[in-house]
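Structure, as structure tokens:
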């Protein structure tokens, strides 16, 4: 049941959730805005759904 | 202007062992783990464009995680959000000066503690069957029988939802007893995570390092207790404590 990070490659979605939703937000000289983070989630979704479509296409 | 920018991974206490290929920027008792990145790739405009490039994002995210995990294996670390970038070491030191107090407080609070991720998944069909065992179904074709069936279906749905909430409360409540802090996160999008079943709980728990074993045992016991609903508990960690440092700082970016 248990998996440790060292033993198994972390799912990208787990990583993105934590790296873009967590962590200390400090004002660097460059930081991502909320809009930038939304952009990442949108592009993640777009990628996954296009991969899904591709796979369906191959199966047909 | 230098050709490089400084990517900041996280903050550790002075004297902590450093991960590979890291340039430490120290000020007083705090050290920021940084690495040089090319300006033409990481300045504001190219950075925004790269965010659309999933391969780029994945590479950068895995590098961020790998460095923090290496730091975490040897010391307490305050993880910084992805894409915290500075023009130069002076910029990093100015940040440290500004954020010294909250960062110091975070390091003290996280010392000797671990973040574990917990996802609880249930099987919708088994949940419904457990909540409302198949009994006398209204038979027949008349309007009354139809309405009775509709009513039964609605009650079954409500029963399944109520049972799911009970299971979530039991699991979350039992695991919180082993934790010093806990947060509930939004359930993951199935398209992204590819999980099967219904993700009814996605949470993170901050536990004392010597209590991690007890958390694992409790999770296994809870999974068994709710086996009728097809409960699966997925435990991941220890993570850099991403979910227990938000709201820690005084300044927020625009």
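Chains as they are written, first to last, in our numbering: chain A, 1 to 60; chain B, 1001 to 1254.
We put the CB at the ideal spot given by N, CA and C, even for glycine.
Being a predicted model, the structure only gives us computed values, none of them experimental.
When secondary structure is reduced to three states using DSSP, residue 1001 (chain B) falls in the coil class, being assigned neither helix nor strand. In the DSSP secondary-structure assignment, residue 1165 (chain B) is not bridged to any residue. Listed by position along chain A, the residues whose Cβ is nearer than 8 Å to that of residue 1185 (chain B) are 17 and 21. Here residue 1212 (chain B) is actually not in contact with residue 1182 (chain B); their C-beta atoms are around 14 Å apart, not less than 8 Å. For residue 1036 (chain B), the three-state secondary structure derived from DSSP is strand.
The contact set of residue 36 (chain A) on chain B, defined by CB atoms closer than 7 Å, consists of 1048 and 1051 in chain order.
Taking a Cβ-Cβ cut-off of 9 Å, residue 1056 (chain B) has no neighbours in chain A, whose nearest Cβ is about 11 Å from it.
In this structure, residue 1095 (chain B) lies near residue 26 (chain A), with their beta-carbon atoms less than 9 Å apart. Checking the DSSP bridge columns, you'll see residue 1085 (chain B) partnered with A:30 and B:1007. Contact between residue 1010 (chain B) and residue 1240 (chain B) holds, since their C-beta atoms are separated by about 7 Å, short of 8 Å. Fully contained in the stretch 1164-1252 of chain B are the following beta strand (DSSP E) runs of length 3 or more, in chain order: 1181-1185, 1198-1208 and 1232-1239. Contact annotation, residue 1160 (chain B) with residue 1131 (chain B): C-beta distance approximately 5 Å; criterion of less than 8 Å satisfied.
Residue-level contact by beta carbon holds for residue 1188 (chain B) and chain A, with a gap shorter than 9 Å. Closest by C-alpha distance to residue 1044 (chain B), out of A:42, A:36, A:40 and A:41, is A:36. Each residue's CA atom was taken as its position, placing residue 1202 (chain B) and residue 1246 (chain B) some 17 Å apart. Within the model, the alpha-carbon separation for residue 1122 (chain B) versus residue 1238 (chain B) is close to 24 Å.
Interface residue (Cβ-Cβ distance to chain A less than 9 Å): residue 1042 (chain B) is classified as such.
By the rule that beta-carbons nearer than 9 Å mark a contact, residue 1012 (chain B) does not touch chain A. About 5 Å separates the CB atoms of residue 1031 (chain B) and residue 1012 (chain B); that is less than 8 Å, so the two are in contact.
Taken through DSSP and simplified to helix, strand or coil, residue 1079 (chain B) comes out as strand.
For residue 1207 (chain B), the nearest beta carbon of chain A is not closer than 9 Å to its own beta carbon. Going by C-alpha positions, residue 1209 (chain B) is about 25 Å away from residue 1082 (chain B).
Looking only at B:1226, B:1227, B:1244 and B:1215, the smallest Cα-Cα distance to residue 1235 (chain B) is reached by B:1215. Out of B:1217, B:1206 and B:1223, the CA that lies nearest to the CA of residue 1244 (chain B) is found in B:1206. Per DSSP, residue 1017 (chain B) is not a residue of any beta strand (DSSP E), being assigned neither H nor E.
Contact of residue 1242 (chain B) with chain A is assigned, a C-beta pair being separated by under 9 Å. Collapsing the DSSP output to three states places residue 1071 (chain B) in a helix.
Sorting B:1019, B:1060 and B:1100 by C-alpha distance to the C-alpha of residue 24 (chain A) places B:1100 at the top. Each residue's CA atom was taken as its position, placing residue 1185 (chain B) and residue 1046 (chain B) some 30 Å apart.
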